[in-house]
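Quick notes on the structure that follows.
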Amino acid sequence: MSISTPGGPERRPTVVSTGKKPAAGRPSAGAKAASGKPAGAGRSGGGKGPRKPVTPVKVSQGRSWGPIALFTAVGVLAVAIIGYGAWATFQGSKPWEDRANSIDGIVNYREKDPELVKGGKHQQGAITYSVLPPVAGPHNDAWQNCMGDVYTAPIASEHAVHSLEHGAVWITYRPDLPADQVEKLAAKVRGNEKLMLSPYEGLDKAISLQAWGYQLKVDNADDSRIDDFIKTLKVNASVEGPTALCNQGVTATGTTPRTPQQLGAQQ
Amino acid sequence: MTAPATLDGSPDETPVTEHGDRRSARRFGTVVVAAAVVVGLLLGYAGGLLTPRLTRPGDASVEAGFARDMTTHHAQAVEMGLIAFQRGTDQEVRSIGGDIALSQQGDIGAMQTWLRSWGLDPTGSQPRMAWMPDGTDMVRNGLMPGMATPEQMAQLRAAQGKELDVLFLDLMIDHHIGGVHMADALLDASDEPDVVRAAQTMKNTQQTELVNLRNALDRIKG
Numbered sequence: 000m001s002i003s004t005p006g007g008p009e010r011r012p013t014v015v016s017t018g019k020k021p022a023a024g025r026p027s028a029g030a031k032a033a034s035g036k037p038a039g040a041g042r043s044g045g046g047k048g049p050r051k052p053v054t055p056v057k058v059s060q061g062r063s064w065g066p067i068a069l070f071t072a073v074g075v076l077a078v079a080i081i082g083y084g085a086w087a088t089f090q091g092s093k094p095w096e097d098r099a100n101s102i103d104g105i106v107n108y109r110e111k112d113p114e115l116v117k118g119g120k121h122q123q124g125a126i127t128y129s130v131l132p133p134v135a136g137p138h139n140d141a142w143q144n145c146m147g148d149v150y151t152a153p154i155a156s157e158h159a160v161h162s163l164e165h166g167a168v169w170i171t172y173r174p175d176l177p178a179d180q181v182e183k184l185a186a187k188v189r190g191n192e193k194l195m196l197s198p199y200e201g202l203d204k205a206i207s208l209q210a211w212g213y214q215l216k217v218d219n220a221d222d223s224r225i226d227d228f229i230k231t232l233k234v235n236a237s238v239e240g241p242t243a244l245c246n247q248g249v250t251a252t253g254t255t256p257r258t259p260q261q262l263g264a265q266q
Numbered sequence: 000m001t002a003p004a005t006l007d008g009s010p011d012e013t014p015v016t017e018h019g020d021r022r023s024a025r026r027f028g029t030v031v032v033a034a035a036v037v038v039g040l041l042l043g044y045a046g047g048l049l050t051p052r053l054t055r056p057g058d059a060s061v062e063a064g065f066a067r068d069m070t071t072h073h074a075q076a077v078e079m080g081l082i083a084f085q086r087g088t089d090q091e092v093r094s095i096g097g098d099i100a101l102s103q104q105g106d107i108g109a110m111q112t113w114l115r116s117w118g119l120d121p122t123g124s125q126p127r128m129a130w131m132p133d134g135t136d137m138v139r140n141g142l143m144p145g146m147a148t149p150e151q152m153a154q155l156r157a158a159q160g161k162e163l164d165v166l167f168l169d170l171m172i173d174h175h176i177g178g179v180h181m182a183d184a185l186l187d188a189s190d191e192p193d194v195v196r197a198a199q200t201m202k203n204t205q206q207t208e209l210v211n212l213r214n215a216l217d218r219i220k221g
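Encoded structure:
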């Protein structure tokens, strides 16, 4: 009962509607046929009834409209499918710069301060950065090792900025961030080259992410924009391309940059 | 209506209507065929534009996963190789270290170029090793099979002399075993010519090096 009842009403309207459409088409077809055929029938000396000539014309008219409708429907469907595919592919292949700009809250210093992000000359000793944590600028000739290194103490910005130039994403957190939140960040970093994590004193938000020329500050390690930032900007934001090294860098912590003597001793 | 009548040369008015109807129907048919051809060509053009995009490896493909994960795996081998090249005391350790570092860094360049030409980011959305059957279970603390832990890397950086030579060989043997395993997984799952050829080359190289690394280890340990 319950099966046959919904089945019946559902089917009947379709039958009725398909019946209606040809019926709607027929009068016009019939009218056309009526104008031509009776005349033709009259010429050939039609002693026969008018019904016979009318029927074949009706059939030929109906035959031409059906396939056209079908063809149009299939065509529209195909165009829609291919169009959607093209649109989806186009959206997916948007340049990383566009995708970076669409991350909510990201600060784009490439647009804001083009002079800052131009490039990085090497400079010894302490460097004063205008943006904190720094996102670009001059830096020490030695970079901070960024092979998925998880630093538990603050590191020198002078080395870290060089890592950014090589395509690393540097994740920094306020030292008072709860341990479980720090662990969530560390899990994203461990084992992944071109990523590094360190605490950073004086952050105005719990977590700040840096890539060359970009910064994003968030309150929580569960924020999905962290992964968006990493996926979009790791290596992509690099000034020097995907083969710039993250290894052979400084692995020591401490906010004072290493001296050439210390670096020599490290090897 | 009048043109076909003139062409037919039929003076009779009644057949003109009949012929005219057929003519217009025929003409209508021609328009439909022409429209069908145009639509068909447009669809073919769209298909032709899209096909290379749809057939090249996608973001979650085995090939993209391999390129990304092998880049990371290689990057650590480069790090270890350069340490051995710089500070190894045994001549063979230094030369193997330099060879591994440079050749694997070259591989990284090729794999990153694939990703770019496929329109993909160097960073995937999938977890590490998701492209390999049961691959994600092999990841330990973010490390893929054969990769040295941060503690082991710190040990290698601090090591001196013969200790460094031996530790490098130990770590690189494990690293290569993991690398060959990953190359095998790609060879099982892909028929993308460039990627297959690169994976086969990596496998060949690392298998040969495994023999040499083990022999060097035996020789140095004495």
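Taken in order, these protein sequences are the chains called L and H.
Numbering of the first sequence is given in numbering that gives the first Met the number 0, commencing with residue 0 and proceeding in unit increments.
Numbering of the second sequence is given in numbering that gives the first Met the number 0, commencing with residue 0 and proceeding in unit increments.
Each residue gets a CB set at the ideal place from its N, CA and C atoms; glycine is no exception.
Collapsed DSSP secondary structure at L:Asn191 in the structure displayed: Along the first sequence, one-based indexing puts residue 191 of chain L at 192. Reduced to three states, the DSSP call for L:Asn191 is coil.
DSSP three-state assignment for L:Val134, whether helix, strand or coil: Taking the first sequence and counting its residues from 1, the one referred to as residue 134 of chain L is at position 135. Coil, per DSSP.
Straight-line gap, H:Gln154 to H:Leu81 (C-alpha atoms, nearest Å): Here residue 154 of chain H refers to the residue found at position 155 when the second sequence is read from its first residue. Here residue 81 of chain H refers to the residue found at position 82 when the second sequence is read from its first residue. The straight-line gap from Cα to Cα measures roughly 15 Å.
Test item: CB-CB of L:Leu215 and L:Ile105 under 8 Å: Indexing the first sequence from 1 puts residue 215 of chain L at position 216. Indexing the first sequence from 1 puts residue 105 of chain L at position 106. Yes, the pair counts as a contact, with Cβ atoms nearer than the cut-off.
DSSP beta-bridge partners of H:Gln139: Here residue 139 of chain H refers to the residue found at position 140 when the second sequence is read from its first residue. The question names Gln, but residue 139 of chain H is Arg in the sequence shown. Paired residues: H:Leu142.
Sheet register partners of L:Tyr150 (DSSP bridge): Within the first sequence, residue 150 of chain L is the residue found at index 151, counting from 1. Answer by DSSP bridge pairing: none, since L:Tyr150 is not bridged.
Cα-Cα separation, H:Val179 to H:Leu185: Taking the second sequence and counting its residues from 1, one reaches residue 179 of chain H at position 180. Taking the second sequence and counting its residues from 1, one reaches residue 185 of chain H at position 186. So the alpha carbons of these two residues sit roughly 10 Å apart.
Assigned exposure category for H:Asp68 - 16 Cβ within 10 Å defines buried: Within the second sequence, residue 68 of chain H is the residue found at index 69, counting from 1. H:Asp68 is buried by the Cβ-count criterion.
Candidates H:Ala74, H:Gly87 and H:Gln206, of which the one nearest H:His175 by Cα: One-based indexing of the second sequence puts residue 175 of chain H at position 176. Out of H:Ala74, H:Gly87 and H:Gln206, H:Gln206 has the C-alpha closest to the C-alpha of H:His175.
N- and C-terminal bounds of the beta strand (DSSP E) containing L:Ser207: Position 208 of the first sequence holds residue 207 of chain L. That run of the beta strand (DSSP E) goes Ile206 to Ala210.
Sub-8 Å separation of H:Thr70 and H:Ile107 beta-carbons: Translated into positions along the second sequence, residue 70 of chain H becomes position 71. Translated into positions along the second sequence, residue 107 of chain H becomes position 108. Yes, these two residues count as a Cβ contact at 8 Å.
Rounded distance between the beta-carbons of L:Leu194 and L:Ile229, thought under 8 Å: On the first sequence, position 230 is the one that residue 229 of chain L refers to. On the first sequence, position 195 is the one that residue 194 of chain L refers to. Rounded, the Cβ-Cβ distance is 7 Å, consistent with contact.
DSSP three-state assignment for L:Lys93, whether helix, strand or coil: Within the first sequence, numbered from 1, the residue matching residue 93 of chain L stands at position 94. Reduced to three states, the DSSP call for L:Lys93 is coil.
Cβ neighbours of H:Lys161 in the same chain (closer than 8 Å, five flanking residues each side left out): One-based indexing of the second sequence puts residue 161 of chain H at position 162. The residues are Thr88, Asp89 and Ile219.
Endpoints, the alpha helix (DSSP H) within which H:Trp113 is located: What you label residue 113 of chain H is simply residue 114 of the second sequence in a count that begins at 1. Note, H:Trp113: alpha helix (DSSP H), Gln90 to Ser116.
Exposure of H:Leu119, with buried meaning 16 or more beta-carbon neighbours within 10 Å: Against the second sequence, residue 119 of chain H aligns to sequence position 120. H:Leu119 should be labelled buried.
Residues bridged to L:Trp169 (per DSSP): Mapped onto the first sequence, residue 169 of chain L falls at position 170. L:Trp169 pairs with L:Met195 and L:Gln209.
Burial state of L:Tyr150, where buried means 16 or more other Cβ atoms lie within 10 Å: In the first sequence, the residue the question calls residue 150 of chain L occupies position 151. So L:Tyr150 counts as buried.
Limits of the alpha helix (DSSP H) - the one that H:Lys220 falls within: Mapped onto the second sequence, residue 220 of chain H falls at position 221. From DSSP, the alpha helix (DSSP H) with H:Lys220 extends over Pro192 to Lys220.
Bounding residues of the alpha helix (DSSP H) (the contiguous stretch that carries H:Lys161): On the second sequence, residue 161 of chain H is found 162 positions in, with the first residue counted as 1. Run containing H:Lys161: Gly160 to Ala188, per the alpha helix (DSSP H) assignment.
Chain H residues whose Cβ lies nearer than 9 Å to that of L:Arg257: For this step, residue 257 of chain L is matched to residue 258 along the first sequence. Those within 9 Å of L:Arg257 in chain H number zero; the least Cβ separation is about 14 Å.
Beta-carbon proximity check, L:Ile225 vs L:Tyr172, cutoff 8 Å: Taking the first sequence and counting its residues from 1, one reaches residue 225 of chain L at position 226. Taking the first sequence and counting its residues from 1, one reaches residue 172 of chain L at position 173. Not in contact: L:Ile225 and L:Tyr172 (Cβ atoms no closer than 8 Å).
Closer than 8 Å to chain L by CB, H:Ser124: One-based indexing of the second sequence puts residue 124 of chain H at position 125. Chain L contact via Cβ: present.
Touch test, the stretch 125-135 of chain H against the stretch 40-54 of chain H, Cβ-Cβ under 8 Å, three pairs minimum: no
Residues in the stretch 57-76 of chain H having any Cβ partner in chain L nearer than 8 Å: Asp58, Thr70, Thr71, Ala74 and Gln75
Cβ neighbour criterion (16 or more within 10 Å) applied to H:Pro132: In the second sequence, counting from the first residue as 1, residue 132 of chain H sits at position 133. By the neighbour-count rule (16 or more Cβ atoms within 10 Å), H:Pro132 is not buried but exposed.
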